[in-house]
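Everything on this sheet refers to the single structure shown next.
Protein chains in written order, with my numbering: chain A, 39 to 577; chain B, 39 to 577.
Shown next, in the form of structure tokens:
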């Protein structure tokens, strides 16, 4: 067979050639919505490559972005890799220390920055060692006042550059196309390199009828940020397949999400549970036409069973669990039903849908504990290992790589079970698992049960050191406003009792007004563990 | 990213692990239907690898099959490549000369033969230079009488071999997994190598929602033979995705096809126009429940527009054109509608569906003539060139390779147009095109128009040498029985007149009782050209 390389060049060129009139809807600010076609985005992308080349970017150089979901970010998604350089998407919500660390560690040469992010970079600019130029992605005709230097206007650069620039023909599929750092809860962020090959194969996986089936007829709106694992790969696959894209920009609200779904006839969307909790509230207070939606993907953290049930049964929205990590590009599993499960009861189907799902074609997983591979019984817990062509083989220039990458497998740090049908269920992070008297207790199972209670808005369960049992679970609970002060610790313990073995029940329940979260909305359990570390010392 | 190789091992292991109870329905003779699960087929496949190894097959050796579509052939599809050897599927309908040529040229070490094919091999056995053993795939407990030697019973070998045999871990994705020879209409057959990588990527393409969307919930019945470009890749993709498979065996009839679709609830099937013409007749005479069918793929040759219309409008069966070649694994294009074409009139949609369609993601095509790339206007004709990771880069050990493989492209030998939406339409083979007075006339367009006439069963148009115009078209027509002797040459010419420029009209129409065909059912135009070469000499 031909030695054709799997690169991103083919993806954008396919969109230009076969879907020139298809639309990208891009919201760059609460007051500005752009509508562009793939033909226009193609020309702008080529001009951006040319502009970067003129600014000195060479094959292999890193170009950073600090930007929301919009068309200019999409253009960078292709312009940078298709000239042979590396797109480093940066989470602007990281701490200044972490931002400085990752920009220096990646050795970013140029930063592409949204106008509202400029102040963040101005603050740290003197500590950025490799950055040679800043490009501001503003809608305005003139550059904002800034101390960044040298600084360019994105649109002015494009206007002066070649819209017929030829993308690189010399990219090997194993070369880096992109990179992303994990939003570490402990230590420095870890970098992950995405190769052209990895992204192309991952895009194939997103298009499979058995996973998300992304297709030309779709209107895809990723709510997951484009700085977070390539918005789960949706912009790449959408462009390749010629889907219409809706990019919701900064500061979106549940209302905006619902309005976009209704007005743009969005067919697929994807985000973390927090987003869908917000949208659910919106749907409960106001009527929207959501009938265009064929897929609402939830990932990043496990969705409570009640959330899945509500979406499916009350609103008829196909809410589907998916799972992956920064190191996995990210798609690992999707929880679609197999054909022989369609006749199960609603309760049984919900049970399956609340799992993370089946591994997608192209990857291999196994779950191991000290006894070896776990039984496929949905009960025995172990750490989930994964391998395949879109799984990282190391953390970028990081001595900690050997902790997670061993014997050809990536150790996810997630504790999971697998049932006889092959559905994986995450029960915890290795570090969040409660190890009580030699047995394992899943903090996530307890959290999900608590969050299914009508009074509970959020719940986080953490392992707290215990003099006798080594560790015991403590639950931190946020009650819904209407239930505040009417539900007690004993109420919740009594509610949990019939669902769990006695020794699983939390030793205490602490009511909080909010659970601390990471910049991508995950519970920051490390902080809770720290606060509660002496809570059971005197028992 | 990890350097995980794309091999067939992963495909069969996924079926074993996640779809152990899914069924393969296999008809090995008119009186025998087997039902096996992927678990059973997995064990049998491993035993077959082990048996072949014990018979001396090593990494890289070729193993030939002469077999119909059934479970044993499916087992060979994985057993041979997954031990690192090469599966050579042989078209048993080739002439003895061609059979001898390709078996010797491929240097097949072992032949796996269906019982009814044994006499064909017995006849030529003394001329087979590399074959060291014969395995007969019989349902019976004992071997049939045969002069083949040494000869083994497939089932007896499996019974003595290891069902837990471990597939090779040392396969590079660029190594050959399979091979197939073209059924040449002139000269010796040409061999094509399919690599592991090519087959895996092609299987991804078959699973895309925008192509055929093969999935776990499908019941796939390939009517295209498993010796013909891997039954268009369907057995590979079906196994990977865990689809139920229905393998129809030898000597099937239109009635059997309809009965299988009805009883096994087949959702996708694929074959050449001849098959679907036969099935249409069957559907017109008897009622069947075809409601399970979501996709009837037609390839190998262009389907007449009337056939597509009849299936869609009269029977509500989603009849879809696809196109590919032995050298292309084979999927190149599929003629699905784009979302903005769904509102067109039925006539306009039919027009699009009668084209070969859009190139699938992962491949690139271009159409060139002496002026360079043709305009995307649906009119300008040129030769179709293709490249991509599942396109052959040469003919196997064949000096003729340089005719078809040049500048990194495969020259298909097909003359095509492309419209502004990117839909490719084949208008002819380079060698069948009629070159009249410096202009090109598509023999296929004329044939399709003729075959749309109610009286015409088949029509072949060939270029015949002409003293003044260089070449002129002559039509060879087979009338339907009920119209025989009632339709004249002038009737057909008058019928064609409003549809074509005057100089396109055939100089003569010759009525035949049958159009000569190749072993895979394509018109053998070479023979007609030879017969008619002096037909216009005296004008």
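Glycine included, C-beta positions come from ideal geometry on N, C-alpha and C.
Residue 176(A) and residue 436(A) have their C-alpha atoms roughly 35 angstroms apart.
Straight-line measurement puts the Cα of residue 470(A) at about 7 angstroms from the Cα of residue 481(A).
For the region 403-432 of chain A, the residues whose beta carbon sits under 8 angstroms from a beta carbon of chain B are, in order, 425, 426, 427, 428, 429, 430, 431.
In the pairwise beta carbon analysis, the region 212-229 of chain B is classified as not touching the region 70-86 of chain B: fewer than three pairs are separated by under 8 angstroms. In this structure the region 82-99 of chain B touches the region 191-204 of chain B; the number of beta carbon pairs closer than 8 angstroms is three or more.
Under a 10 Å Cβ-count criterion, residue 539(B) is classified as exposed, with fewer than 16 other Cβ atoms of the shown protein chains found around its own Cβ.
Residues are counted here when their Cβ sits less than 7 angstroms from a Cβ of chain B; for the region 364-384 of chain A these are 376, 377, given in chain order.
Along the region 55-83 of chain B, the positions whose C-beta sits under 7 angstroms from a C-beta of chain A are 55, 56, read in chain order. When Cβ-Cβ separations below 8 angstroms define contact, residue 561(B) makes no contact with chain A. Secondary-structure assignment with DSSP links residue 453(B) through a beta bridge to 421(B), 466(B). Using a Cβ-Cβ cut-off of 8 angstroms, residue 452(A) does not count as an interface residue toward chain B, since no Cβ of chain B sits closer than that to its own. Taken through DSSP and simplified to helix, strand or coil, residue 541(A) comes out as helix. Taking the Cβ atoms as the reference, residue 100(A) lies roughly 22 angstroms from residue 153(A), outside the contact range of under 8 angstroms. Contact annotation, residue 104(A) with residue 167(A): C-beta distance approximately 17 angstroms; criterion of less than 8 angstroms not satisfied.
Within the model, the alpha-carbon separation for residue 373(A) versus residue 362(A) is close to 12 angstroms.
Taking 8 angstroms as the threshold, the shortest C-beta distance from residue 436(B) to chain A does not fall below it. Taking a contact as a CB-CB distance under 8 angstroms, the pair residue 502(B) and residue 571(B) counts as one, their CB atoms being some 7 angstroms apart. Of the candidates 430(B), 250(B), 107(B), 295(B), the residue whose Cα lies closest to the Cα of residue 327(B) is 295(B).
The C-alpha of residue 303(A) lies about 15 angstroms from the C-alpha of residue 356(A).
Distance from residue 306(A) to residue 335(A) at the Cβ level is roughly 7 angstroms; contact confirmed, criterion being Cβ atoms closer than 8 angstroms. Note on geometry: alpha-carbon atoms of residue 465(A) and residue 346(A) lie some 17 angstroms from one another. The DSSP assignment places 481-489 as complete runs of the alpha helix (DSSP H) inside the region 473-501 of chain B, in order along the chain (cut-off: 4 residues). Listed along the chain, the chain B residues whose CB falls inside 8 angstroms of the CB of residue 253(A) are 246, 247, 248. Take the alpha-carbon of residue 235(B) and the one of residue 44(A): they are about 12 angstroms apart. For the region 452-469 of chain B, the set of residues with a beta-carbon nearer than 8 angstroms to any beta-carbon of chain A comprises 459, 460, in chain order. Counting only residues of its own chain and dropping the five nearest sequence neighbours on each side, residue 509(B) has a CB closer than 7 angstroms to the CB of 472, 473, 474, 501, 502, 503. For residue 89(A), the secondary structure class from DSSP, reduced to helix, strand or coil, is helix. Residue 278(A) reaches chain B at 399, counting residues in chain order whose Cβ is nearer than 7 angstroms. The beta carbon of residue 275(A) sits closer than 7 angstroms to the beta carbons of 241, 244, 245, 252 from its chain, once the five residues preceding and following it are set aside; these are given in chain order. Sequence-distant Cβ neighbours of residue 315(B) in its own chain, meaning closer than 8 angstroms and more than five residues away, are 345. DSSP places residue 546(A) in the uninterrupted beta strand (DSSP E) bounded by 546-549.
The shortest CA-to-CA distance from residue 181(B) to any of 161(B), 164(B), 205(B), 156(B) is the one to 156(B). Contact of residue 42(A) with chain B by beta-carbon distance below 7 angstroms involves 425, 426, 427.
Under a 10 Å Cβ-count criterion, residue 162(B) is classified as exposed, with fewer than 16 other Cβ atoms of the shown protein chains found around its own Cβ. Taking a cut-off of 8 angstroms for Cβ pairs, the region 110-126 of chain A and the region 205-216 of chain A touch, as three or more such pairs fall below it.
If the five residues before and after residue 551(B) are omitted, its C-beta is found closer than 7 angstroms to the C-beta atoms of 516, all from its own chain and listed in chain order.
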